[in-house]
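See structure below.
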Ligand SMILES: Nc1ncnc2c1ncn2[C@@H]1O[C@H](COP(=O)(O)OP(=O)(O)OP(=O)(O)O)[C@@H](O)[C@H]1O
Ligand SMILES: [Mg+2]
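Chains as they are written, first to last, in the working numbering: chain S, 7 to 511; chain E, 617 to 959; chain W, 999 to 1355.
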């Protein structure tokens, strides 16, 4: 652990003594950090440690209660993000800022659209420029004409990154840019980061995936409870976790329970839905079945149609040996199926409602007598969940939208734990979740499996799939392209199976 | 939890903020919504004082009773409007559902007490049915709420005019059954029954919204229909139910109004559309759904009706009233209705 | 010390990415169709309404509608068209403007007393204003509309009030001022002015309509236009990328006010007189026209062109009922039924289209 004292070079951007509180919650408490040109500076910390708050302040999005920000040694007061942009400070915020009902091209070019002779925006030209920009930065697979709403999350994230990079920033903040990227896009992003660093850009980067930090970071600053606890050149993961959480973590991935006997919980035969072609699979009780493959290859559609949220087209579904038809989520819940969806902000949580309301939404009926809610029981149930999952919240009645990302995810997962389903469809549940919480979620999954519940798990992290699953099915273009088990449960094999036919190892 | 994560270092206690550092006054007033309700009521009190100054007797017990009774009519309609605005909808069919209900009430009862109960049920049933059709059109056919309910308003207008021959039918001039009239005009313990009815409605609606599964689902849908659907909320049934309630309350208001005035008339529902919407939004609800409650709408109804009454009490031309009405609403809003600043 | 992740990150050479289910590129026209679905559906709706109208007209009059019908329809619909566009501008920013009716009341009343110069003591025959008074009057009326919008915009933006509340209050204020300006229906609009704006014998109004559509097309291609849409999509996101949210929003209200003012002018020109309550109905009908035209009340989606179509659909419904010789008592009944039928029908077509591609 090599702590750094003093900074060698003049910092490109520096925040000193920054504090910010939200209605009594100290998101940031006298925190300082700086980044120098030509370095990749990683910011790590638990969910809710204040990383995003710091980045939002340095990026001009949020004001600090106290403290100063200086760029290139000169103190500045940002009136808004565009003030920061003028000084070459660009940010990819954790919550995407793309405009959903506008095209990728419009989003990329907003504020710098090419004009025609009349001074009007030249839309064709804009689309061409967008296409060129995407191509120049190696993201030509994204259709500039598509609406943002219609492209998968990983592409949206890519567009957001492309937009920031295309301004050739002097200082670039990337707040969890990889959380919704797939492996190959992460490789792409790191290539871009290195290019920018070599060009002399100061980059600040947050992530909850340690191998990424180790890969790319020149310096690491650890945050804890709104404060920076140190900046390091080298930091082994174990020590980082200890610094971040105050606890020691033995192993990220807990021991997988032995493969269960072949008692089917869910069986699909020639299952078809929009984007899902001819899928047959069997999920056993107590089994953790991983689904691998690139985003946009049918996992989402498979999960949503199984849960009754999208139409199934053909095939049979058997739950516990009985053929069933599931037409809506309520019916799915009645058959003991739960879905934790991809995008917790729009499909999972009711952001303005309280932690309690969100936690108990799926079990309201059980909590009511003559449809009058029993408040005390509800509170107890919610509080029990909060305690069990160690959700960090000021209280049960706080809006869930004010929690940090990881804690939001826990609340969402908790909602379905309360419903006690037999089949869990988990779509990328550890996205944006810190190491310690990830570990807790993994243990939870293992425990659910031990209890005999069946778990179908999609993850954008092949490593995670390899460590958690009993079997992994790799999907490509809506079909199951490979089944991996035993020694084949390996991140590299999963990734390569996602893009080409079975390869020999 | 399995034992692999053991604490090795006593981490600093996570502070559990309790809002202790908020100013005392704000803590006393509680949530912003509650604050708005208080301000709305406070505004009514000030308005009563002004009214008393302008016309002595305005704030006398009987004066207050009169104003509150009129507020209760707006309040009843606003109850239904609250339900649908909470899910980001709106009910523009209020005027003619109300008017149709009042005419149906007198024509079906023909002023006889014996027919009062069936007429009451028929009328309330009609309102509920129309509301259900609204809801069904919105969730099942995907018609935007504005269009669906406005069209329904037209449909009800046409049907009412057509069936009553433009209010020329023989039964159209009937009076409301004496029991209904008496029920509205009587008082119990010095409180007009119309007000008591409103009080019951206030309690019932508030209980439904804050303490039942239905209420919770309503807020959930208002916050995000998609997320609610994915959490197993039956969005379709809920929405239809909410619009049905709105129709029911419009019909109820129609009945109470004929009971109050004795006879039905064309156009008697017209003032209640904007007034009910205004009461709901002034009471702190968001027109985009998910935020608000009925106590707020009731407070909004009281302050609006008080304002109108004070302006009526002042001797001034119509245009002056209209302008001052708007200006005072703006001032009230600027005093307490502002959204929190971002950033 | 036990290692948490046992392997180096996997950075392997990957073959070209296979096509994902959801990202096959579509030709430009498919994108256009999908993105402007509301607009195309509104056009379809209008097409159906026009055909229906022609059929009913043919049955009733034994010949097809011609130039006269076109001119009179456009003349009588233009105020609604302008009101719908005004509403659209505000709705696109995720707001709503209930004061549209009040602004039309006010500007309509003003038009009746300024165009012929009677407001500034112009001593001539009533209804025979000079070119000067007409130009001055028009500008004044449009400016008043803009000021009304400015008041709304400032209150919404700087006052941080919900748009519906602000405009509900200003509706009352504008209505009051309108009655003060023109206590009784009356005043006079110079014949020449009517001939210019809404000539009953020559389709000048069609030219204005085309001009409006072109202006919208241009508006959509300005930074300001993009900003309006961006705000409606996600105000926070728009601010993060540098859209000046406050000024764009205020300007949207101002422009909306100017459009409402124009609606007041055209209304006065068609009626050749003023009425300080004639605008009231436009508050709701403008919202309906916008929604029929595919404008989302949640902001960010839709277009003024669609709103124009929506306005014409509304007025075609009235025309159809007129020639179908409906009992006037049942008029609103059928209007309601047709409105729902139109939306459901077109919604169904849209649904099928979406399924297909
Ligand atoms: N707008 C807000 N309103 C209320 N509380 C907020 C708001 N933004 C952040 N917070 C609170 O501030 C704290 C810090 O949040 P922040 O988003 O900075 O954490 P983070 O380190 O980025 O976490 P994560 O890794 O989950 O993204 C959290 O406890 C959060 O609940
Ligand atoms: Mg964060």
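Note that the Cβ used here is the ideal one computed from N, Cα and C, for glycine as well. In this text the structure is predicted, and so the values were computed from the model without any measurement.
**Request:** Please check if any C-beta of chain E sits within less than 7 angstroms of the C-beta of residue 294 of chain S.
**Result:** no
**Message:** Please report whether the beta-carbon of residue 798 of chain E lies at a distance below 7 angstroms from any beta-carbon of chain W.
**Reply:** no
**Request:** Taking residue 503 of chain S and residue 490 of chain S to be in contact with their CB atoms under 8 angstroms, please state how far apart those CB atoms are, rounded to whole angstroms.
**Result:** Beta-carbon to beta-carbon, residue 503 of chain S and residue 490 of chain S are separated by about 7 angstroms, close enough to satisfy the 8 angstroms threshold.
**Item:** the region 873-880 of chain E contacting the region 742-749 of chain E, beta-carbon criterion three pairs below 8 angstroms
**Value:** no
**Message:** Does the CB of residue 822 of chain E have a neighbour CB from chain S at under 7 angstroms?
**Reply:** False, the Cβ-Cβ gap to chain S never drops below 7 angstroms.
**Message:** Suppose contacts are defined by Cβ-Cβ distances below 7 angstroms. Is residue 25 of chain S in contact with residue 88 of chain S by that definition?
**Reply:** no
**Asked** Expressed to the nearest angstrom, what Euclidean distance is found between the alpha-carbon atoms of residue 719 of chain E and residue 1281 of chain W?
**Response** 27 angstroms
**Request:** Identify whether residue 405 of chain S lies in helix, strand or coil by the three-state DSSP scheme.
**Result:** strand
**Message:** So the candidates are W:1158, W:1252 and W:1079; which of them puts its Cα closest to the Cα of residue 955 of chain E?
**Reply:** Ranking W:1158, W:1252 and W:1079 by CA distance to the CA of residue 955 of chain E puts W:1158 first.
**residue 422 of chain S - partner residues in DSSP beta bridges** = According to DSSP, which records beta bridges pairwise, residue 422 of chain S is partnered with nothing at all.
**Request:** Starting from the C-beta of residue 797 of chain E, find all residues in its chain whose C-beta is less than 7 angstroms away, skip the five residues before and the five after it, and write them out in chain order.
**Result:** The answer, listed in chain order, is 875 and 878.
**Message:** Is there a C-beta anywhere in chain S that falls below 7 angstroms from the one on residue 1382 of chain W?
**Reply:** Look at the range of chain W in this structure, 999 to 1355, and you will see that residue 1382 of chain W is not part of it.
**Message:** Alpha carbons only, please: which of W:1112, W:1326, W:1170 and W:1322 is nearest the one belonging to residue 935 of chain E?
**Reply:** If we check each option's Cα against that of residue 935 of chain E, W:1170 comes out closest.
**Request:** Can you give me the Cβ contacts of residue 364 of chain S inside the same chain, cut-off strictly under 8 angstroms, excluding the 5 residues immediately before and after it?
**Result:** 355, 356, 406, 417, 418 and 421
**Item:** Any C-beta of chain E under 7 angstroms from that of residue 1139 of chain W
**Value:** no
**Request:** Mark residue 1027 of chain W as exposed unless 16 or more other C-beta atoms lie within 10 angstroms of its C-beta, in which case mark it buried.
**Result:** Exposed: under 16 other Cβ atoms inside 10 Å.
**Item:** Reduced DSSP category for residue 239 of chain S - H, G, I as helix; E, B as strand; rest coil
**Value:** strand
**Asked** Just to confirm, are residue 296 of chain S and residue 49 of chain S a CB contact at a threshold of 7 angstroms?
**Response** no
**Request:** At 7 angstroms on the CB atoms, spell out the chain S contacts of residue 1299 of chain W, in chain order.
**Result:** 107
**Asked** Can we count residue 25 of chain S as close to ligand 2, meaning its CB is less than 6 angstroms from some heavy atom?
**Response** no
**Message:** At the level of alpha carbons, what is the spacing between residue 922 of chain E and residue 835 of chain E?
**Reply:** 29 angstroms
**Request:** State yes or no: is the C-beta of residue 1110 of chain W within less than 7 angstroms of the C-beta of residue 1272 of chain W?
**Result:** yes
**Item:** Contact under 7 angstroms by Cβ, residue 100 of chain S with residue 218 of chain S
**Value:** No, they are not a contact pair.
**Residue closest to residue 423 of chain S, alpha-carbon to alpha-carbon, out of S:457, S:303 and S:411** = S:457
**Request:** Please indicate yes or no: does the CB of residue 408 of chain S lie closer than 6 angstroms to some heavy atom of ligand 1?
**Result:** Within the cutoff, so yes.
**Asked** ligand 1 heavy atoms versus the CB of residue 53 of chain S: any closer than 6 angstroms?
**Response** Closer than 6 angstroms to some heavy atom of ligand 1: that describes the Cβ of residue 53 of chain S.
**Asked** From residue 225 of chain S to residue 237 of chain S, what distance separates their C-alpha atoms?
**Response** 7 angstroms
**Prompt:** Residue range of the alpha helix (DSSP H) that residue 305 of chain S falls in?
**Reply:** 305-312
**Prompt:** If you draw a straight line from the alpha carbon of residue 784 of chain E to that of residue 915 of chain E, how long is it in whole angstroms?
**Reply:** 38 angstroms
**Message:** For residue 111 of chain S and residue 133 of chain S, which I take to be in contact (beta-carbon distance under 8 angstroms), what is that distance rounded to the nearest angstrom?
**Reply:** Residue 111 of chain S to residue 133 of chain S, Cβ: 5 angstroms. Contact.
**Asked** When every heavy atom of ligand 1 is checked, does at least one fall within less than 6 angstroms of the C-beta of residue 1294 of chain W?
**Response** no
**Asked** So is residue 721 of chain E buried or exposed if we call it buried at 16+ other beta carbons inside 10 Å?
**Response** buried
**Request:** Mind reading off the beta-carbon distance from residue 463 of chain S to residue 432 of chain S? Whole number of angstroms is fine, and I expect it under 8 angstroms.
**Result:** With 8 angstroms as the limit, residue 463 of chain S and residue 432 of chain S qualify as a contact, their Cβ atoms being about 5 angstroms apart.
**Request:** Count the other C-beta atoms from every protein chain shown that fall within 10 angstroms of the C-beta of residue 204 of chain S, then say buried if there are 16 or more, exposed otherwise.
**Result:** exposed
**Prompt:** Can at least three beta-carbon pairs, one atom from the region 792-809 of chain E and one from the region 896-912 of chain E, be found at a separation below 8 angstroms?
**Reply:** no
**Message:** Does the beta-carbon of residue 163 of chain S, which I'm using as the reference point, lie nearer than 6 angstroms to any heavy atom of ligand 2?
**Reply:** no
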